[in-house]
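Numbering of the sequence shown is given in our numbering, commencing with residue 5 and proceeding in unit increments. Note that CB positions come from ideal geometry on N, CA and C, so glycine has one too. Just so you know, these numbers come straight off a predicted model, no measurement behind them. First comes the structure, then the notes that go with it.
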Amino acid sequence: MLTAGIIELVGGILIAVGLLTRIAAFIASGEMAVAYFMSHAPKGLWPIENGGELAVLYCFLFLFVAAYGPGAYSLDRAILTRGSERPEGALDGARG
Numbered sequence: 005m006l007t008a009g010i011i012e013l014v015g016g017i018l019i020a021v022g023l024l025t026r027i028a029a030f031i032a033s034g035e036m037a038v039a040y041f042m043s044h045a046p047k048g049l050w051p052i053e054n055g056g057e058l059a060v061l062y063c064f065l066f067l068f069v070a071a072y073g074p075g076a077y078s079l080d081r082a083i084l085t086r087g088s089e090r091p092e093g094a095l096d097g098a099r100g
């Protein structure tokens, strides 16, 4: 339970601000899958039977975020574009 709480707290903060988004979302997705299979699956086969709808939903949402990546206003994007800024007066395109 302590490990799950740490993953949810730290992973949620990282995903919310967009820092290390893909890694945090992938780990959170795995944590939700483990939570489903440990807590809900023994009670029944289908999520609607065993009360695991939200665990499955969050698992696939986090997996989507891991595949899609951070958005335009994330810290990951800001860090990546900061290093690729062009110097003042640089020409755009391939022509010199």
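Counting only the Cα atoms, Cys63 lies some 5 angstroms from Met36.
The alpha-carbon of Ile17 is positioned some 31 angstroms away from that of Glu53.
In the structure shown, the three-state DSSP call for Ser78 is coil. Distance from the CA of Glu57 to the CA of Ala71, rounded to the nearest whole angstrom, comes to 21 angstroms. The Cβ neighbour count for Phe68, taken over all protein chains shown within 10 Å, is under 16; the residue is labelled exposed.
Membership of Met36 in the alpha helix (DSSP H) is indicated by the continuous run Thr25 to Ala39.
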